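Written below as structure tokens is the structure these notes are about.
In my numbering, the protein residues as written are 1345 to 1942.
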């Protein structure tokens, strides 16, 4: 008979509650003996013979304070997994504003910055119930894996941790981001959220960003922190028109001006940005003098800058670019599915031009984490979005052999991550897409990712994958027809696209290292095609380029620095589209607009 007092874990704060007491054997599942411990931590248990490790799991607040509070706003970080916490917090802020004014009429948007909650084991009061509702089993016996994965069978621990992290992600998205959005929307305010993989994100980044009215990324000046492509992908796949970004963050402090700003802004535009938010524009009282009060990080872009009176052309340039890049729909050939794990990330394709990548192609240039999917076999002349499980399940269909979303955007290929696991529901939907005419590229999964329904779930995944892939093994057989579509495994993406009659959307011809300083993005209104092309090199470039547009479109040059529109007097119809000459000065850019005009 074991009679012992089990102490609280070290470092507990004033607010805590017991979650469970488990007896963990040398091998085998943990035993829940919570009912054998009283409120003072005294355990009275008839322990079977053998070696047992007793673990007391206690949930308490972390004690983390706000990262950057004003003097009157300091306090504890809220529980981001709790709908009640989000509701109380946001309602309090809005009610305080309304206590001193009649309405929120001047407040149109409310921003949540990057998720900078320190890394911890996340929990909330109803976590076990929320977990069971999503995965169909009780998480309590598997809690040792959160602190000591070696205490369980490695395969079981990994599957449980997948389910745990997905639950954390879902609760943050549903109970924080979506709850805040809904509260704001009821008051006529839109939510901007930098909900991707900056800070200490725990989430399916695309799903989190898609839960905001306006997804927000970030790009820094002379730093590698660039996640614009992530926010842009979220906007495209969730039908959002605006792609915002924390713009030109950094620690340069007045060292740069319009030229360097434009250079980085143009690269971000080609990643999908169409609505920058300066980091930062500080409002100063007259008593602050000059240069005034400024935040420690960011470009100190405000009325106290020495060149503020000459800033008009830069602002007009940015506004014209934003206006055009908010028209129509983004044009992309490939949708990359980044898997079902959380947290997840969309790697940057390009970062600050003055930073040489120190990570290999297998890692994200922004954070150094392994890429969820390899893109190296896709030519830079093709563009793409990343997609997640929710979008595949709820928003994808097939139209004319392309994978289409409800808002009109479509892709020629859906590319799978280089993983051996896939949720059964996603695999089932992929099979339906292929049979309806889609082309899906990637390896055959052999198991489910989580613990729910294990081991039968693996057998179901394997049986369904065998039916979809058939004899396509990525080696001897690399392509297979299924229904009206095709499954492909082991072929370069460029070859697959060209075999379908799709050459690159944009090609810069006979120019050295074009992929390192010539960027583009393409949007289509249905009637007109708009290409934005930029040169981030410190030298001018004159080169021929081929744009993949129909023969019924005639090119014009739209210059966003001046607002001039100039007909293109010399161009040629060639295989793959329209060929013409571009003359771009150092840091230069232009819109090439193809219109249905003679």
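Note that beta-carbon positions come from the ideal geometry of N, C-alpha and C, so glycine has one too.
Predicted model only: the values in this text are computed from it and were never measured.
Drop a sphere of 10 angstroms on the beta-carbon of residue i, count the other beta-carbons inside from all chains shown, and report buried for 16 or more, exposed for fewer.
i	result
residue 1544	exposed
residue 1793	buried
residue 1348	exposed
residue 1627	exposed
residue 1414	exposed
residue 1412	exposed
residue 1700	exposed
residue 1813	buried
residue 1370	exposed
residue 1910	exposed
residue 1463	exposed
residue 1468	buried
residue 1733	buried
Apart from the five residues on each side of it in sequence, which residues of its chain come closer than 7 Å, Cβ to Cβ, to residue i?
i	result
residue 1781	1742, 1745, 1828, 1829
residue 1871	1940
residue 1683	1716, 1761, 1763
residue 1618	1586, 1587, 1666, 1669, 1670
Tell me residue i's beta-bridge partners as DSSP assigns them.
i	result
residue 1386	1349
residue 1909	1902
residue 1370	According to DSSP, residue 1370 bridges with nothing at all.
residue 1455	1536
residue 1674	1867
residue 1620	1589
residue 1831	1784, 1824
residue 1758	1679, 1784
Which residues in the same chain have their Cβ closer than 6 Å to the Cβ of residue i, if we skip the five residues on either side of it in sequence?
i	result
residue 1480	1796
residue 1932	1879
residue 1928	1879, 1885
residue 1836	1721
residue 1915	1899, 1922, 1924
Does the distance from the C-beta atom of residue i to that of residue j stay below 8 Å?
i	j	result
residue 1925	residue 1888	yes
residue 1350	residue 1400	yes
residue 1642	residue 1594	yes
residue 1458	residue 1574	no
residue 1749	residue 1775	no
residue 1589	residue 1554	no
residue 1548	residue 1688	yes
residue 1403	residue 1363	yes
residue 1908	residue 1671	no
residue 1799	residue 1761	no
residue 1841	residue 1730	no
residue 1874	residue 1935	yes
residue 1930	residue 1881	yes
residue 1832	residue 1785	yes
residue 1546	residue 1466	yes
residue 1605	residue 1676	no
residue 1531	residue 1438	yes
residue 1597	residue 1690	no
residue 1581	residue 1550	yes
residue 1692	residue 1709	yes
residue 1536	residue 1591	no
residue 1507	residue 1724	no
residue 1686	residue 1510	yes
residue 1620	residue 1584	no
Can you list, in chain order, the residues of its chain whose CB lies under 8 Å from that of residue i, leaving out five sequence neighbours each side?
i	result
residue 1409	1418, 1419, 1420, 1421
residue 1651	1601, 1602
residue 1737	1769, 1770, 1773
residue 1844	1756, 1783
residue 1718	1705, 1706, 1762
With residue i as the anchor, note down where its alpha helix (DSSP H) starts and where it stops.
i	result
residue 1602	1602-1615
residue 1941	No alpha helix (DSSP H) holds residue 1941; DSSP gives it neither H nor E.
residue 1491	1488-1491
residue 1666	1656-1669
residue 1771	1768-1779
residue 1435	1427-1442
residue 1577	1572-1581
residue 1812	1800-1813
residue 1523	1522-1530
residue 1840	1837-1843
residue 1478	1471-1479
Which two residues bound the contiguous beta strand (DSSP E) that contains residue i?
i	result
residue 1922	1921-1928
residue 1728	1728-1731
residue 1498	Careful: residue 1498 lies outside any beta strand (DSSP E), inside the alpha helix (DSSP H) at 1498-1516.
residue 1559	1558-1564
residue 1396	1396-1404
residue 1879	1873-1879
residue 1918	1915-1918
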